[in-house]
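Count along the sequence shown starting at 1, add 541, and that's the number in this note's numbering.
For glycine and all other residues, C-beta sits at the position ideal for the given N, C-alpha and C.
Just so it is clear, the structure is predicted and the values come from calculations on it, not from any experiment.
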Amino acid sequence: RRNAGTGSDHQNQRKQQQAEQSHGPGLRRAGPALSIAARWRAALNPLNSGGMRPSEALQGRIARVARTQLEHFPNLVTMFLARVREHGDKPFLWDKQDGAWQAISYNEAARQVAALAESLKKLGLKPGDRVMLVSENRPEWLIADLGIMAAGCVTVPTYTTNTTRDHQHILANSGASAVIVSTQKLARTLVPAVLFASDCHHIISIDDIITGQSPDVAHFHHWDELVWGKSHVGELVQPTSEVGGDDLAC
């Protein structure tokens with residue numbers, strides 16, 4: 542007389558053999574089907590001797606992702622400086638001047654970031670102060686954003702389609718201490734809003750702008766004056782290393 546459990550044991554063995562045939566000897570199934578992610582993890586396991594291996598292209602992508610995940614940066618400025626050390630004088634940003642594209646290298650962008658950060662500090666901005674950024678997509682936008690963060694301040698981005706009332710609301714709500722504006726067109730709606738902002742005392746223009754507003758309301762500065770002075774990129778390392786992932790950036 543056979544043991545009552547023998548028939549069930551034979552069925553389980555047949556199911557296991559079928560699973561091995563379907564999924565490979567390294568992926569034995571002991572319950573529900575393995576997820577795709579689990580199957581890839583098992584296939585990449587060096588202890589797995591099965592025949593199911595991902596393609597070389599997929600292995601390359603996985604390796605690149607793994608390398609990226611090994612890099613840990615406390616903030617974006619630190620990551621930027623790491624790329625500057627890696628690429629140096631290679632082109633980083635491009636700008637069209639007089640109908641021709643001109644490259645801005647990693648080193649030059651880093652120099653401008655450091656100069657802007659130092660200039661913002663000299664204007665009296667302190668860590669945690671808000672700086673409103675009103676600009677279209679251009680190299681100065683990114684340099685401004687990195688410079689603001691490098692100074693320990695917080696970027697307040699805005700839409701270029703904002704009305705004066707929109708700007709007024711954002712200035713009041715954020716308590717921005719300064720604004721950076723790119724063009725005369727964008728300044729037309731921004732500057733009147735600054736008149737009603739009690740905390741904003743500095744307007745930085747990237748292009749030349751003409752305004753009839755009283756200089757007593759806010760101090761006007763030109764971008765070139767702030768980014769073309771002497772700067773030391775190395776001086777950014779220590780302050781930015783103290784900014785962590787939980788600190789406000791924008």
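Given a cut-off of 8 angstroms, decide if residue j and residue i are closer than it, judged by their beta-carbon atoms.
i, j, result
"I645", "P680", "yes"
"V672", "A719", "yes"
"V625", "N648", "yes"
"I744", "V732", "yes"
"L634", "L683", "yes"
"T705", "A734", "yes"
"F761", "S772", "no"
"A658", "G688", "yes"
List the endpoints of the continuous alpha helix (DSSP H) containing residue i.
i, result
"K726", "725 to 735"
"F621", "617 to 628"
"D686", "680 to 691"
"A715", "In the sequence as presented, Ala is not what sits at residue 715; that position holds Ser. From DSSP, the alpha helix (DSSP H) with S715 extends over 705 to 715."
Along the beta strand (DSSP E) that carries residue i, what are the first and last residues, could you check?
i, result
"A719", "719 to 722"
Less than 8 angstroms between the CB atoms is what I'm expecting for residue i and residue j, so what's the real figure, rounded?
i, j, result
"S723", "S676", "4 angstroms"
"L777", "A655", "5 angstroms"
"T701", "L674", "Wrong, their Cβ atoms sit about 10 angstroms apart, outside the cutoff."
"A717", "D748", "20 angstroms between Cβ atoms; not a contact."
Please name the residue or residues paired with residue i in a DSSP beta bridge.
i, result
"H762", "I745"
"D636", "Q643"
"T696", "V672"
Hey, does residue i have any beta-carbon neighbour from chain D nearer than 8 angstroms?
i, result
"L622", "In summary, chain D is missing from the structure at hand, where a single protein chain is found."
For the ligand NAP, I want to know if residue i counts as a neighbour, meaning its beta carbon is within less than 7 angstroms of at least one of the ligand's heavy atoms.
i, result
"K726", "Annotation note on the ligand NAP: not contained in the displayed structure, which lists no ligands."
Touching by the beta-carbon criterion (3+ pairs, under 8 angstroms), the stretch 639 to 653 and the stretch 700 to 718
Short answer: they don't touch.
Report yes or no: do three or more beta-carbon pairs, one from the stretch 686 to 698 and one from the stretch 659 to 676, lie closer than 8 angstroms?
Verdict: yes, contact present.
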